[in-house]
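The numbering used here applies: residue -18 is where the sequence shown begins, and numbers increase by one.
Idealized CB from N, CA, C, for every residue including glycine.
Computed from a predicted structure; not experimentally measured.
Comments concern the structure below.
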Amino acid sequence: MKKRVAIIGGGFAGIELAKSLEAHMNVTLIEQNTHFVHTPAMVRAVVQPKILERALIPYDSLLKQGSIIHGRAQSVEANGVLLEHGEHVPADYIIVATGSANATPFKPKENSIKALLDDHADVHQQLKAARSVAIVGAGAVGTELAGEISHFMPDKQVTLVSSASTLFPDFPSRLGRNLEAKLKATGVKVILGAMAENLKSLNEPYSGTLKLSNGDQISADLIFPVIGSRARSELLEALPGVEKSSANRVKVDPWMRPSDLSNVFAVGDVADNGDPMTVIAINRQAPWLAKLLRAVSQGKKLEEQKAFAPDNKQMILIPLGPEKGNSFLSLMTVGNFLTRLIKGKDLFLSKFNRALGREAPVNN
Ligand SMILES: Cc1cc2nc3c(=O)[nH]c(=O)nc-3n(C[C@H](O)[C@H](O)[C@H](O)COP(=O)(O)OP(=O)(O)OC[C@H]3O[C@@H](n4cnc5c(N)ncnc54)[C@H](O)[C@@H]3O)c2cc1C
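Rendered as structure tokens:
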């Protein structure tokens, strides 16, 4: 008899685990939405809504042997998962991969792909009508958004505001310096070391005037708050022994267990295992966890398996539109050519359309 594993959340972590475990275990993937949301393309989708056709990918062809339940998990129990509509999904192992939320229109704010499409259409219209745009937050999403707008809509006056004194202060200084120079060369105004003190919304774009901690005031037809992701950890919070960390994440032990329940695991954005909240980090976490589950489901002792070690040399890829950008590839900072080749041109859309069993159309 194959062991049963229930995976909650069909984001980057959930789909990778479901695919790699379905030949070995009885896999049930529980996902509230009808489509996978390919976040790396959601920034460009603000200026090029057509790519939503490839960035929102139906789950229908993801699994060959495992099953998918479209529903919302309400609670995690030692012997399975209770769904909102009352069904109990029995499982020997449970993986919580509920990910994180972000501002509109980068991720669905409700459990509805239709609402996300409506939000995109709405924000795109507002952007087309705007002459001036301010972006508050210069992490990867904010910086890429500035680059995408300046590439596809060069007539907009774009201002990028960051409280940090450089762009990407956690990476070698060349990365931030080069990105700043490229943004400025396309006319983006970059304001560093200043906090926006009166953000009217943390969740959706609006029109107004920003007051900055350096005394500046910026009026913009459209202000995008882009201040980072918050983990969706509600399911885990109810479990015994759970401890929260930053951005609403939940701490996990070296075998990715978040609570006193030894058969419950957490992975991806929701789990603080020392890695940042990125797909790049999940590309290491998911294969590690799949291997661990294969071993324990065959009767091997969990504590005798190799513990997970976070990667302290993370990569980052920052396209500024399809042509330009800079990236840090663990050992060195690279420029336009490699950033375009690895990410900027296709945003990994072809890879993930294939992974979900949908061949991507050739026209980008
Ligand atoms: C705009 C944007 C661009 C990004 N670009 C990049 C990039 O280029 N490179 C990179 O490395 N990282 C990028 N990231 C970060 C990356 O998106 C996250 O690290 C990644 O999505 C995390 O994957 P996950 O599987 O943990 O969770 P998610 O992708 O958030 O997926 C979680 C899934 O769980 C489902 N879910 C949640 N709760 C329940 C429930 N109770 N019941 C059922 N289903 C539930 C959700 O519907 C969702 O499908 C970006 C993030 C954003 C916001």
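Of the candidates L216, I(-4), N244, N244 places its Cα closest to the Cα of L273. Around the CB of T190, fewer than 16 other CB atoms lie within 10 Å, so the residue is classed as exposed. In the displayed model, D103 falls within a helix according to three-state DSSP. For ligand 1, no non-hydrogen atom lies closer than 8 Å to the CB of P206. Residue state for S240 is assigned as coil, using DSSP reduced to three classes. Set against 8 Å, the gap from the CB of I130 to the closest heavy atom of ligand 1 is not smaller. Shortest gap from the CB of M23 to any heavy atom of ligand 1: under 8 Å. Under the three-pair Cβ rule at 8 Å, the stretch 11 to 29 counts as touching the stretch 116 to 126. Note on the stretch 72 to 134: whole beta strand (DSSP E) runs with a minimum of 3 residues are 74 to 77, 113 to 117, in chain order. For A336 and A(-1), the gap between their C-alpha atoms comes out near 11 Å.
Apart from sequence neighbours up to five positions away, the residues of its chain that approach H101 with a beta-carbon distance below 8 Å are A26, V27, P30, L33, P86, ordered along the chain. Secondary structure at P268: helix, using DSSP grouped into helix, strand and coil. For N317, the secondary structure class from DSSP, reduced to helix, strand or coil, is helix. Secondary structure at N7: strand, using DSSP grouped into helix, strand and coil. Between the stretch 64 to 84 and the stretch 154 to 164 there are fewer than three C-beta pairs closer than 8 Å, too few to call the two in contact. Annotation for V27: the continuous alpha helix (DSSP H) segment containing it runs 25 to 28. Under a 10 Å Cβ-count criterion, Q106 is classified as exposed, with fewer than 16 other Cβ atoms of the shown protein chains found around its own Cβ.
Exclusion of I32 from the 8 Å shell around ligand 1 follows from its C-beta lying no nearer than that to any non-hydrogen atom of the ligand.
Straight-line spacing of the CA atoms in D327 and S154 works out to 27 Å. Note: H51 is bridge-paired with E12 in the DSSP secondary-structure output.
The alpha-carbon separation between N307 and N293 amounts to approximately 20 Å. Of the heavy atoms belonging to ligand 1, none sits nearer than 8 Å to the Cβ of F309. Per DSSP, reduced to three states, the secondary structure at T20 is helical.
Between A110 and D202, the C-beta gap is smaller than 9 Å, which places the two residues in contact.
According to the DSSP assignment, R335 belongs to the alpha helix (DSSP H) that extends over 330 to 336. Residue range 305 to 309 is occupied by the beta strand (DSSP E) that includes N307.
Measuring C-alpha to C-alpha distances from A252 to each of G280, A271, V223, P268 identifies V223 as the nearest.
Inclusion of A(-6) in the 8 Å shell around ligand 1 follows from its C-beta lying nearer than that to a non-hydrogen atom of the ligand. By the Cβ test, the stretch 87 to 98 is not in contact with the stretch 255 to 271, since fewer than three Cβ pairs between them sit closer than 8 Å.
Positions of the beta strand (DSSP E) runs, each at least 3 residues long and wholly inside the stretch 145 to 218, are given as 170 to 172, 187 to 192, 198 to 206 in order along the chain. For a cut-off of 8 Å, the C-beta gap from S226 to P206 is around 23 Å, too long to register as a contact. Shown here, E(-3) sits in a helix according to DSSP, grouped into three states. Of the heavy atoms belonging to ligand 1, at least one sits nearer than 8 Å to the Cβ of A262. Ranking A228, W269, A212, T140 by CA distance to the CA of M237 puts W269 first. Pairwise C-beta distances place the stretch 306 to 321 out of contact with the stretch 9 to 24, as fewer than three of them are shorter than 8 Å. Residue pairing by DSSP places K225 opposite V231 in a beta bridge.
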